[in-house]
Amino acid sequence: MKQLCCILIIFCIRVSAQSEIKGFVVPSDNPQSLKATVTLLNENDEIEAFGFSDKAGSFSIFTNKLGTFKIQIKAFNYNSKNITVEISAKNQIINLENIELDKLKEIDIQPVVITRTNPITTKKDTVEYKVQNFSNSTELNVEELLKKLPGITVDSEGKIKFGDKEVERVMVENDDLFERGYQTLTQNMPTKPLDKVQVLKNHSRNKLLKGIENSESVAINLTLKENAKSKWFGNTVLASTSYKEDMQQAKINLINFSKRKKIYALFNYNNLGLDEMKGVEYLISPSLKNDVENVGTNLKTLSIINLHSKNWQFEDKRTNFNNDKLVSLNYIYNFRKNWKLTFVTVLNETENHNFINTYYKFNYNDVNFTNIENKIWKQNRQNIVGKLEILKEYKNASLLFHNKISQINEDNNNSFIFNGKTNMQKGENKLFANENRMVYTRKIDSTRAFVAVAKYMYQNRPYFFAEENEVFQQITGISDAKELTQSINSKMQFGGLKFSFLKSWNENKTFELQLGDDFRRDFMHSKITIYNELGQNFLFDDSRFKNSTDYFRNNLFSQLRFNDKRNRWNYGITLLNQYIAAESNFENKTGFYVSPIISLGYQNKKSGNFNLSMNRRFSSTGITDIFTNYIYQGNRNFKQNNTGLQQLPEYTVSFLYNLGDVLSEYLNFGIFYLRNEDYLSNNMIVHPDYTFNQSILVKNNSNFSANLELRKYIKHLKARVSILNSFSHSGYQNSVNNNALIKTKFSSFKTGFEMKSGWTKKMNYEAGYEWVFNNINSEINQSRYIDQKGFLNLYYNFNPLFRLESYFELYKFGNTSQKTVQFLDFKLNYQLKDYKMNLFLIANNLLNSDEIQRYSISNISESLYMQKLLPRHIVLGINKSF
Amino acid sequence: MTVFKSLGCLLKQPNFYNMKVIKVIILYFLLFTSFTYSQEKYKGLIEYSLIKNTGSEEVIKEYLLLNETNSFYFTYNKNEDSFEKLSQNFEFKYSNNRLNFRNTNNEFFELRTLKNLYYTIDKSPKIEWKIGKEKKEILGYNCVKAEGFFRGRLYTVWFAPDIALGYGPWKLNGLPGLILEAVDNNNYFHYIATRISLNSEFAVPKVLQDKMSTETPITYKEFIRVEDDFFIDLRNKVKATYPKGTIFKEESSIRDLLKETSFEWDGKKEKLK
């Protein structure tokens with residue numbers, strides 16, 4: 021009763037404050053009521069109030085305004101009626117009584133059809149992520165954001181994958197700066213200004229080839245928020261440990277992007293063990309992809325010897341004793357007449373120290389000895405890379421000029437203690453590389469295109485190093501030999517020209533023909549000098565220790581590629597024909613080689629997807645495989661070759677299968693098989709104090725690997741459980757002291773599980789454990805050992821601005837005296853929204869594990885490595901946007 | 008009609024006033040009514056594109072069939088198809104469809120697929136529209152701007168007074184003219200009419216009619232509970248799917264990126280200033 025009273029009171033008040041206009045709509049043709057709209061319009065024809073007639077036809081609308089109004093009554097397919105009303109006082113009730121509406125004449129009731137195209141069409145091949153829905157604004161760089169986007173994974177080197185495909189470039193507003201070295205961008209750029217992350221599948225770098233080229237490439241494009249454009253913005257990250265550990269990090273990003281001009285400047289420094297310099301290496305190394313815009317695929321940065329050994333036994337983040345700096349300035353300008361200029365410069369300096377103690381035990385043919393070594397590798401590297409790109413676009417054509425200059429200065433300062441004797445090694449190595457490329461693209465029509473590419477490259481890589489080592493007395497027979505110096509001069513020239521024709525019938529059916537020729541010329545000279553304690557050099561018979569090798573290779577080739585997709589099937593054929601003429605100062609060889617690739621795929625949700633691929637190809641021996649006299653590799657190790665010019669044939673077969681849905685239940689299975697008909701192995705001539713390695717040609721070798729992943733979401737645990745298995749089996753044959761070949765088989769089986777919770781609460785966990793069963797079996801020895809690894813990560817959100825992460829890891833490597841090594845790390849992140857700032861506290865290696873041991877075995881030796889680890893340190897940092 | 012009258016009488020008698028009976032009656036009523044409407048031919052068809060901008064941008068095609076007295080609304084995820092092309096080879100796929108059927112009492116009969124197929128009746132609240140002064144032309148019709156809250160989101164819509172039918176895309180309705188464009192203030196859901204066809208004959212694809220008449224309904228409140236559970240479960244699954252080392256922010260509400268974020272029964276009032 022009370023409620024009813026209330027309602028009545030409210031109703032009364034409402035009515036009493038307003039004027040009411042009521043009436044009754046009657047259709048003229050039909051005694052039944054119709055649904056009409058009634059609007060009250062003011063002098064400007066603006067709607068003041070509106071209502072509908074009810075089932076019975078009555079309506080009433082209310083207003084508290086005064087004046088002259090128009091009542092408009094409309095019904096679908098009826099003539100509308102306008103009635104003028106005058107409201108002169110509040111609480112007025114105007115009753116319009118019956119209003120008759122006339123139906124439109126039959127002739128006027130005509131079908132009406134108005135259409136327009138979709139204002140937005142879903143961009144095919146594009147997956148877009150709106151950043152605000154994935155970011156928690158504590159990300160220190162783009163990489164941390166990308167890790168959170170479904171489908172994207174980032175590995176420890178900063179390489180990005182979308183699904184199982186590697187991302188080839190990361191662009192900002194459709195401009196590519198760092199090519200394959202995109203880590204320089206993703207590990208530095210702040211996420212604040214980002215609007216969207218677009219993953220572009222089947223991406224064509226060249227706009228004109230979109231839809232014509234059969235591209236499997238994946239690229240990422242970052243788009244900026246409107247308010248971030250045309251003004252300066254950026255961020256700075258500063259972090260430090262206490263003065264005792266003396267470890268710091270500093271990062272500054274400065275960005276200004278407008279329609280015409282893009283500027284990006286960055287600075288990055290750390291000695292905290294963070295490896296954020298990988299991008300520079302990838303930027304320096306030449307492109308290896310055999311697409312229509314590139315010619316030459318076997319072009320790596322020249323490397324004859326390596327005087328630095330970065331840790332490879334254990335996780336980089338725990339062993340990277342570093343001091344890295346990077347400065348980069350990047351500029352893109354779009355000129356009015358379709359000219360575009362891109363200018364990228366990177367300068368960086370890296371320092372890496374690696375501390376390893378090894379225990380090496382040799383046992384073969386009654387030769388037994390043990391060496392104990394303490395090694396400290398120190399490397400300092402300065403890299404300078406400059407890239408200039410000029411693009412001119414015409415109506416249906418484009419011309420691109422690309423130039424890249426890189427320079428590396430590397431200094432080594434290694435100290436080795438070999439069975440108690442100190443050996444010092446100092447090296448100065450350099451690289452100068454210049455790459456010029458010109459690409460002309462012409463789009464003939466929407467399905468055909470023509471591309472021409474010309475490239476010229478030059479590399480100069482001199483090495484010089486000196487080592488104090490008494491072992492040279494034994495090798496040269498000079499009793500007071502104390503120091504050895506070696507200078508190596510290596511140069512490479514490459515030139516290539518390629519023409520390609522592309523044709524597509526539809527998006528799935530494509531054809532490509534490439535014709536071209538490339539040549540490569542290498543020169544390499546090496547020389548060893550021996551000094552005594554006083555720095556006087558000796559004349560000795562160095563005929564076995566100097567090289568002067570020329571190498572020339574011409575490759576005339578054609579490549580056909582055809583891809584098609586029908587229903588659920590897709591297949592592709594690639595046929596490469598090569599006429600190769602190779603020449604060195606010892607021999608000449610020519611030959612004709614056919615390398616086919618066949619792939620077949622099937623996609624079906626119910627029965628699963630599979631992909632089968634078969635490939636036969638040839639790899640050429642290069643300058644590092646053909647020098648015939650010894651080059652000192654450092655570390656008491658000499659190398660020469662006995663193989664000459666070779667084309668090494670190999671087959672690969674791979675099969676991939678997956679079934680199910682990643683979210684609920686999923687199975688992924690893959691097999692990979694590789695067979696080398698001829699391959700390079702080595703003959704070791706072993707002495708307790710030094711080794712002579714000779715490369716030899718061996719027949720028939722095979723490798724097999726398989727992996728099986730099973731994952732399931734378990735509802736009542738609210739967690740995903742993955743079972744991860746992999747198996748690999750490889751065989752090789754090598755020789756020791758010119759004896760008969762030793763056959764060795766190595767196999768390893770890895771099994772383990774990983775769990776991740778998907779709780780929507782404040783806490784989440786990840787846990788996992790894996791076992792690796794290693795097995796070596798040769799004619800001489802056999803051994804088994806197990807490596808184990810486990811982890812438990814806990815994340816806790818105190819509130820949206822305050823988060824704690826904790827990481828626990830456990831390692832147990834087989835055949836070592838160390839039982840387990842454990843790590844505990846913490847990360848605290850606090851966001852100060854008002855100040856556009858994050859504070860973070862990172863505590864690494866809290867249990868202060870100082871060393872990790874690993875065991876390895878070959879058919880003639882066993883080794884134990886002890887790797888020094890970064891000690892416990894606590895870092896306090898701040899990330900501020902501006 | 009007599010059937011309902013007599014049922015009404017039964018309801019008033021206390022001994023019949025138990026839930027079981029009511030449920031049976033409601034079910035009977037629904038089956039009967041939906042059957043009636045499914046026979047209907049419609050005079051008008053509006054095709055809308057819904058540009059969804061929550062996370063990853065996508066475009067969904069939606070169809071509104073209308074008469075003076077009722078309307079039928081449904082979506083189908085192949086977004087390129089015209090209604091004619093779609094009805095020719097319409098295939099009811101659980102994952103593709105979302106249907107709203109609106110009757111004269113402003114009740115929405117909704118068929119939705121989550122894990123299973125659900126049939127529900129939503130007596131959605133009347134939207135308090137505030138009509139503005141701005142005007143613009145859409146597909147040749149003069150449209151007037153209006154704003155209104157609906158279940159947690161503020162929508163800005165453009166309606167055509169010259170099409171005197173109070174419908175619109177999805178559950179947006181109640182203006183003196185057909186709504187041809189609607190967008191919420193986050194720009195998460197943007198409807199744009201891409202086709203207006205009037206005074207022709209259109210029929211609901213038969214497969215859909217059949218589905219509507221065979222499913223058992225649950226209340227909308229119950230359905231929302233099921234939907235919340237479904238999305239919480241999905242969120243758990245998605246979070247668990249990521250590789251190790253991926254950390255997420257503190258959770259926002261599960262409905263943050265859904266169309267309806269709050270409900271009448273939550274007790275929150277939304278008012279236009």
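Residue numbers (the numbering used here), protein chains in the order written: chain A, 21 to 902; chain B, 8 to 280. Ideal placement from N, C-alpha and C gives every residue a C-beta, glycine not left out. Predicted, not measured: the structure shown is a model, and the values here were computed from it.
1) For G788/A, name the three-state secondary structure that DSSP assigns.
2) Is the number of C-beta pairs between the segment 459-466 of chain A and the segment 431-438 of chain A that are closer than 8 Å three or more?
3) In this structure, does DSSP put V9/A in helix, strand or coil?
4) Can you check whether the CB of F485/A is closer than 8 Å to the CB of T505/A?
5) From N206/B to Y70/B, what distance separates their C-alpha atoms?
6) Quick one: is I33/B near chain A, going by C-beta distance under 8 Å?
7) Do you know offhand how far I466/A's Cα is from K279/A's?
8) Between G751/A, H707/A, Q753/A and G788/A, which lies nearest to I743/A when the distance is taken from Cα to Cα?
9) Taking only beta-carbon atoms, is F31/A less than 8 Å away from chain B?
10) Using the rule of at least 16 other Cβ atoms within 10 Å of the residue's Cβ for burial, across every protein chain shown, is F577/A buried or exposed?
11) By alpha-carbon positions, which one of I880/A, Q851/A and L812/A ends up nearest to N759/A?
12) Looking only at C-alpha atoms, which of G516/A, N354/A, N368/A and V192/A sits nearest to G316/A?
13) Give the residues of chain B in contact with G778/A, contact being defined as C-beta atoms less than 8 Å apart.
14) Is any beta-carbon of chain A found at less than 8 Å from that of G147/B?
15) Which ranges does the beta strand (DSSP E) cover as unbroken runs of at least 3 residues, wholly within the segment 51-81 of chain B, from first to last along the chain?
16) Pull up the DSSP beta-bridge partners for T641/A, would you.
17) Compare the C-alpha of K395/A against each of F846/A, K738/A, L327/A and K101/A and name the closest.
18) Using the beta-carbon of each residue, which ones in chain B are nearer than 8 Å to K738/A?
19) So is I15/A in contact with chain B if we call contact Cβ pairs under 8 Å?
20) Cβ of F44/A within 8 Å of Cβ of I119/A?
21) How would you write the range of the beta strand (DSSP E) that G810/A sits in, first residue to last?
22) Okay, do the segment 778-788 of chain A and the segment 802-816 of chain A touch, 3+ Cβ pairs below 8 Å being the bar?
23) Counting along the chain, where does the beta strand (DSSP E) carrying N149/B start and finish?
24) Less than 8 Å between the beta carbons of K337/A and G293/A, yes or no?
25) Determine, using beta carbons only, whether F255/B comes closer than 8 Å to chain A.
26) Counting C-beta neighbours from all protein chains within 10 Å, is the total for T442/A 16 or more, i.e. buried, or is it exposed?
27) Tell me where the beta strand (DSSP E) around D236/B begins and ends.
28) Could you work out which residue in Y622/A, Q887/A, K732/A and L824/A is closest to S869/A when comparing CA atoms only?
29) Do you know offhand how far Q842/A's Cα is from N358/A's?
30) Give me whichever residues DSSP pairs with P669/A in a beta bridge.
31) Beta-carbon within less than 8 Å of L244/A's beta-carbon, same chain only, minus the 5 sequence neighbours each way: which residues are those?
32) Are the beta-carbon atoms belonging to N102/A and S39/A less than 8 Å from one another?
33) Taking the beta strand (DSSP E) that T569/A falls in, what are its first and last residues?
34) Short of 8 Å Cβ to Cβ, which residues in the segment 200-224 of chain B face chain A?
35) When DSSP builds the beta bridges, which residues end up paired with T390/A?
36) First and last residue of the beta strand (DSSP E) that includes Q851/A?
The relevant details are as follows:
1) Position 768 of the first sequence, counted from the start, is the residue given in the question as residue 788/A. DSSP places G788/A in strand when its eight states are reduced to three.
2) no
3) The structure shown has nothing for residue 9/A, since chain A only spans 21 to 902.
4) Counting from 1 along the first sequence, the entry for residue 505/A is found at position 485. Counting from 1 along the first sequence, the entry for residue 485/A is found at position 465. Their beta carbons are under 8 Å apart, which means T505/A touches F485/A by this criterion.
5) Residue 206/B sits at position 199 when you count from the first residue of the second sequence. Residue 70/B sits at position 63 when you count from the first residue of the second sequence. Near 16 Å, if we compare the C-alpha coordinates of Y70/B and N206/B.
6) One-based indexing of the second sequence puts residue 33/B at position 26. Here I33/B scores only 48 on pLDDT, less than 50, and its place in the model should not be relied on; the value that follows carries that caveat. Cβ-Cβ to chain A under 8 Å: no for I33/B.
7) For the purposes of this step, residue 466/A is taken as residue 446 along the first sequence, with counting starting at 1. For the purposes of this step, residue 279/A is taken as residue 259 along the first sequence, with counting starting at 1. At residue 466/A the sequence reads Ser, which differs from the Ile that was named. Their Cα atoms are separated by approximately 28 Å.
8) The residue you call residue 743/A lines up with position 723 of the first sequence. Measuring from the Cα of I743/A, the nearest candidate turns out to be G788/A.
9) By 1-based counting over the first sequence, the position of residue 31/A is 11. No answer about F31/A holds up, because its pLDDT of 47 lies below 50 and its placement is not dependable.
10) Along the first sequence, read from residue 1 onward, the residue named residue 577/A stands at position 557. Counting Cβ neighbours within 10 Å, F577/A comes out buried, since at least 16 surround it.
11) For this step, residue 759/A is matched to residue 739 along the first sequence. Considering only alpha carbons, the answer is I880/A.
12) The sequence position of residue 316/A within the first sequence is 296, counting from 1. Nearest option by C-alpha distance: G516/A.
13) Working through the first sequence from its first residue, we reach residue 778/A at position 758. By Cβ distance, chain B contributes R242, N243, K244, V245, K246, A247 and T248.
14) Within the second sequence, numbered from 1, the residue matching residue 147/B stands at position 140. Chain A contact via Cβ: present.
15) 51-59 and 65-73
16) Within the first sequence, the letter at position 621 stands for residue 641/A. Answer by DSSP bridge pairing: none, since T641/A is not bridged.
17) For the purposes of this step, residue 395/A is taken as the residue at position 375 of the first sequence. Comparing Cα-Cα distances from K395/A to each of F846/A, K738/A, L327/A and K101/A, the minimum goes to L327/A.
18) Here residue 738/A corresponds to residue number 718 of the first sequence, with the count starting at 1. The answer, in chain order, is N243 and A247.
19) An answer regarding residue 15/A cannot be provided, because it is not within the stretch 21 to 902 covered by chain A.
20) Start at 1 with the first residue of the first sequence, and residue 44/A comes out as number 24. Start at 1 with the first residue of the first sequence, and residue 119/A comes out as number 99. Taking 8 Å as the Cβ cut-off, F44/A and I119/A qualify as a contacting pair.
21) Mapped onto the first sequence, residue 810/A falls at position 790. That run of the beta strand (DSSP E) goes Q802 to N819.
22) yes
23) Taking the first residue of the second sequence as position 1, residue 149/B is located at position 142. Per DSSP, the unbroken beta strand (DSSP E) holding N149/B starts and ends at Y148 to F157.
24) Within the first sequence, the letter at position 317 stands for residue 337/A. Within the first sequence, the letter at position 273 stands for residue 293/A. Going by C-beta atoms, K337/A is nearer than 8 Å to G293/A.
25) Within the second sequence, numbered from 1, the residue matching residue 255/B stands at position 248. For F255/B, a Cβ of chain A is located within less than 8 Å of the residue's own Cβ.
26) Here residue 442/A corresponds to residue number 422 of the first sequence, with the count starting at 1. Classification of T442/A: exposed, given that the 10 Å Cβ count is below 16.
27) Taking the first residue of the second sequence as position 1, residue 236/B is located at position 229. That residue, D236/B, is in no beta strand (DSSP E); its alpha helix (DSSP H) goes Y227 to T248.
28) Position 849 of the first sequence holds residue 869/A. Ranking Y622/A, Q887/A, K732/A and L824/A by Cα distance to S869/A puts Q887/A first.
29) Stepping through the first sequence from its first residue, residue 842/A is reached at position 822. Stepping through the first sequence from its first residue, residue 358/A is reached at position 338. Going by the C-alpha atoms only, they are around 59 Å apart.
30) The residue given as residue 669/A occupies position 649 in the first sequence. DSSP lists F638/A as partners of P669/A.
31) One-based indexing of the first sequence puts residue 244/A at position 224. Closer than 8 Å at Cβ, skipping near neighbours: V192, E193, P213, L214, D215 and F277.
32) Sequence index remark: in the first sequence, residue 102/A carries index 82 (1-based). Sequence index remark: in the first sequence, residue 39/A carries index 19 (1-based). Contact flag unset, no.
33) Start at 1 with the first residue of the first sequence, and residue 569/A comes out as number 549. That run of the beta strand (DSSP E) goes N567 to R586.
34) T201, R202, I203, S204, L205, N206 and S207
35) In the first sequence, the residue the question calls residue 390/A occupies position 370. According to DSSP, T390/A bridges with K381/A.
36) As a first step, residue 851/A must be located in the first sequence, where it is residue number 831. Unbroken beta strand (DSSP E) run through Q851/A: V841 to L852.
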